[in-house]
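FYI, in mature numbering (1 follows the signal peptide of the UniProt record, and there is no 0) the residues of the sequence shown are -21 to -1, 1 to 985.
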Amino acid sequence: MKLPKILVILSFGLLLHTASAQQTAVFTNQYVAYEQALSLYDNNQFAAAQQQFEKVKLTTEDGTVEANCSYYIANCAVRLNQQGADDLMQDFVDRYPTSTKRNSAFSDVANYYFENGQYSRARKWYDQVNQSNLSNSEKEKFNFNYGYTLFQNKRFDDAKSYMNKVRDSKEYGAQAKYYLGFMAYEGDDYQEADELFEEVKGNDRYEKNLSYFQADMNFKLGKFEKAVAEGKAQLAKSNPKEKSQLNKIIGESYFNLGNYAEAVPYLKEYRGTRGKWNNTDYYQLGYAYYKQGEFDNAISEFNKIVDGKNAVAQNAYYHLAESYLKLDQKQQALNAFKNASEMEFDNAIKKDALLNYAKLSYEIGNSYESTPKVLTRYLETYPDTAEKTELQNLLIDSYITSKNYAEAMELLESSRDFDNKVAYQKVAFYRGIELYNEDNYTEAKTYFEKSLSEPRDASFTARATYWNAETDYNLNNFQDALIGYKEFQGMSAASQTEAYKNLDYNLGYAYFKQKDYEQAISYFKKYSETSSDTSRKKDAFLRLGDTYFVTSKYWPAMESYNDAIALGGKSADYAAFQKAISYGFVNKNDRKIEDLTSFLNQFSRSTYRDDALYELGNTYVAIGNTQEGIKAYNRLIRDVPKSSYVSKALLKQGLIYYNSDRGNEALEKFKKVAADFPGTAQADQAVKTARLIYVDLGRTSEYANWVKTLDFVNVTDADLDNTTYEAAEQQYRQENANAALRGFENYLEEFPNGLHALQSHFYLAQLQFKDNKKEESISHYKFVLTKERNEFTEQSLAQLSQIYLEKSNYKDAIPVLKRLETEADFPQNIVFAQSNLMKSYYQQDNYEQAVSYAENVLANSSIDTKVKNDAHIIIARSAMKTGDEAKAKTAYATVQKTATGKLAAEALYYDAYFKNKAGNYKASNESVQTLAKEYSGYKEYSVKSLLVMAKNFYALEDAYQATYILENIINNFTDYPTVVDEAKAELIKIKTEEAKTNADVNTNGN
């Protein structure tokens, strides 16, 4: 049904009224909700406010309300520190560009971050604020806040422009001037800073910091007295960090005013940056102590300056050196002067430090470089120095005192700027002695002759003449030696030398070696009558006896042997034996037998025991008592089976049986000689005599069959064999070496197993050895040694072992030396074998055997000092290798008493080493200083001793000395990589520890 028109109209009107009422209610509700959200926001209830704003935003149709809600939602997010808060605010700005709150958004967020100290975030939003829309009060706040934000972000230039806009502001002016003053202070514009700080002085808010800044500014402006006053005024009110800095300002101000006593207590109170001082800090306190004469305290500060590489460090090291000198610590002073002299920052310090380094090097020695080199460097660097004459004199003496003769000679022979003939003469002489003591006679002679080429000092000329003669003697140049001794004898300065006392003894030997026995008798007799040297006197009696003996003067010979026996000790057995056999030459065979028997009882372990038994047997045979003779020969064969007399004794027994018509017994002996000693003269004689017996017995076919088994006999060629050999031997006897060499080679080529093969091999080896064709001689010596003990065995063993030793072929040398030890008749060969066995075993790392042989050597009371030292060194080195340092220490201490040259340097190094291990650091350093002074030429031990010294100094709490020495080892001694590696490890350890308190210590490298 259709409603009436009026009703429709009324209904529509009613509908309109109802819709309008509903809309008004909605608007009213949204406004209330919005106002509630604002109230929550104003009361800092940001979480609740944010939720309310979000509800309003979802329902409102009012664009302005929607924009405002977005603004406050983002603002709440900022204040709640929600993730994405900045994005929400940026979203508001982007979506509602016409909102009246757009500029407020930038400043509100910026101010919020500013107030909460988030200056980087604040700056981001301040950057977007449109300042033209700000009120005056808002602009002031903006300028200060933005300026402070830029200040906090270290953008000082930008900050100043904003701070300057409010420097006259009633609200912000004082703060702005303070920060403008601080920026001027940071920019080293102390005048501007001072003026600004003065304007805010009296403001309690800034007063505390102003005093510190003004103290520091006055210090930096050089107003030290004012800095002291400002600093002291603030000191009691400051916090610990400020107090540390103020103490530093006050201390340095006093330091710069030269008031060192006042400076010290303040400098000491400084705590450093992050708890660490730097090198300048240590320098200032050290120098303040130094200026007051407190050298111990000065050293304790200066020596903490590790890794110094600037002018402050050079100055510190120089004054450190002077402080050490004041306390007579010269080694430490030398190191510090050396360090200062190597730095280029202050030439005056460099020059004076080098001068002191050179003088101290001369005085106490130098392990880094030779003293002559240091002195020469100074003279070359500063040729016009006022100390030139003094240093030249020191240079001359330093060549001697440093004992670095090799380097000294090099400098003298290469330097054109310094030509001192006196020094040259002395240094050449001492270098010759050094080489002589190392048994390097050929090179020693070169230096003695160099010394003699500059005869400036009569004493050194005489000494060089004598030792040149000694060298000739050791090189078997006996005639030259004799000439040298005679020349020495005629020199006026000779009588003042130690060598003069033994001249007659040496002349006696020179004549003896040339077989001029009458002259030898004269000198040996004269020496034995006047000498007080028991050892040489006894030897002179022995040689006098030998000289009488070879000239058939047997009674005087026996008297001389008696004189030697009366002195006892070494070689008494030789004298007794020689005396006994002398009786045989004066037809006193009964007395000869008596003395030989006594000898065998008294010297049961003598190397002449086999000689005595053989002579005893011969003497019994000579007087017709063949039975006792055979007994004596049997004792020899039984008791000394390796003796060279065994073949002769067997031959003698065979001849006795032959002459007694005891043919079969004789054949037994002859066959044994031929079988056991083929190729010897005795074997040849045995075969010839056996032939006569077989003929007498009518058993010639048996003889022929037997001879065929002997490869050294060819009956049909015997005459040719003998003739060929005798031709070669004659050339050998006449010392025609080349002809003899060819002769023996021809003989062995024609008769490789001939009657004289043994002799030919030996003589050929001797010729090749003498001609330095030692490699070729080996096979011939080996041939001799494949045969039974014979007259050539001992010498072949000695020569072959020497060849192997010269080649460091210890593997082949050892078995040869062991045979020589057991088979030698001459005592000197036994000593040679044992001493070289100990060395060979050591080289093969067989320390147990090395020590065993060293102890055998030392058990021989007759060995000389040099061999004793070698034995003790082997014991010491082996003990070190096996970790027995107590044994090594004892052995090195023994060596140190008598050694010279390299062994002395080694012993001194270990003396320092063991003292370091025992914690006796100062005494250890004294040993290192002795080594540097007297044996610096032996670089290996100089470098190793420097490492010990570094450890000593660190143990003595002197980090500077320790690190400086270690750095020198690392940089200057790369030829000793093991020592360098240890030095690097030690340096890292020390620097790591020192870096805990010194900010300037670099632990990343050297």
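All C-beta atoms in this analysis are idealised placements derived from N, C-alpha and C, irrespective of residue type, glycine included.
Computed from a predicted structure; not experimentally measured.
Asked, Found
"Complete alpha helix (DSSP H) runs within the stretch 351 to 435 (minimum length 4 residues, chain order)", "367 to 380, 384 to 393, 400 to 416, 420 to 431"
"Of the residues L67, L743, L646, the one placed nearest A56, counting alpha carbons only", "L67"
"Nonlocal neighbours in the same chain, by C-beta distance under 6 Å from V846, ignoring five residues either side", "S814"
"Reference N132; option with closest CA among V108, K352, R102, D106", "R102"
"C-alpha gap between Q940 and L926, whole angstroms", "11 Å"
"Three-pair Cβ contact test at 8 Å for the stretch 428 to 436 versus the stretch 462 to 471", "no"
"Residue environment, residue 1014, which counts as buried when at least 16 other CB atoms sit within 10 Å", "Examination of residue 1014 is not possible in this model, given that the chain is present from -21 through 985 alone."
"Validate contact between the stretch 946 to 963 and the stretch 405 to 420 using beta carbons, cut 8 Å, 3 pairs", "no"
"Close-in-space but distant-in-sequence residues of the same chain around L837 (CB under 6 Å, 5 per side omitted)", "A850"
"Counterpart residues of N977 in DSSP-defined beta bridges", "W256"
"Residues near E973 in its chain [Cβ-Cβ closer than 8 Å; skip 5 each side]", "K283, V285, A938, T942, V980"
"Buried/exposed call for V529, threshold 16 Cβ in 10 Å", "exposed"
"Other residues of its chain near E204: CB distance less than 8 Å, five sequence neighbours each side excluded", "S232, L236"
"Heavy atom of the ligand HEM within 8 Å of I375 beta-carbon", "This structure simply doesn't include the ligand HEM, nor any ligand for that matter."
"Cβ separation of N122 and Y92, assumed to be a contact under 8 Å, to the nearest whole Å", "Not quite, the Cβ-Cβ distance comes to about 17 Å (not below 8 Å), so this is no contact."
"Coarse secondary structure for H759, derived from DSSP in three states", "helix"
"The alpha helix (DSSP H) enclosing P794, as first and last residue numbers", "789 to 802"
"Alpha-carbon spacing of F932 relative to N276, whole angstroms", "16 Å"
"K631, DSSP secondary structure in three states", "helix"
"As assigned by DSSP and simplified to three states, the class of R522", "helix"
"Residues of its chain near L945, where Cβ-Cβ distance is below 7 Å and the 5 sequence neighbours each way are ignored", "A929, A962, E965, L966"
"D451 versus D459: straight-line alpha-carbon distance, rounded", "6 Å"
"Option nearest A138 by Cα separation, candidates A628, L129, K144", "L129"
"Residues of its chain near S148, where Cβ-Cβ distance is below 6 Å and the 5 sequence neighbours each way are ignored", "E119"
"Residues near Y245 in its chain [Cβ-Cβ closer than 7 Å; skip 5 each side]", "N226, I229, G230, Y233"
"Chain-order list of residues whose beta-carbon lies under 6 Å from that of G287 (same chain, five-residue window excluded)", "N258"
"Simplified DSSP state of T128, which is helix, strand or coil", "helix"
"With 16 other Cβ atoms within 10 Å as the buried cut-off, status of K876", "exposed"
"Boundaries of the alpha helix (DSSP H) in which V35 is found, first to last residue", "25 to 38"
"Local Cβ density within 10 Å of V11, reported as buried at 16 or more and exposed below that", "exposed"
"Cut-off 6 Å between Cβ atoms - residues of its own chain near A858, not counting five sequence neighbours on either side", "K866, A867"
"DSSP state of residue 1002 mapped onto helix, strand, coil", "Given that the chain is displayed from residue -21 to residue 985, the structure contains no residue 1002 and the question cannot be resolved."
"Helix, strand or coil at V619 according to DSSP, with G and I counted as helix", "coil"
"Of the listed residues S99, I572, T976, D325, nearest to D590 (C-alpha basis)", "I572"
"Under 9 Å between C-beta atoms of F408 and W446", "yes"
"Alpha helix (DSSP H) segment containing P244, residue limits", "239 to 248"
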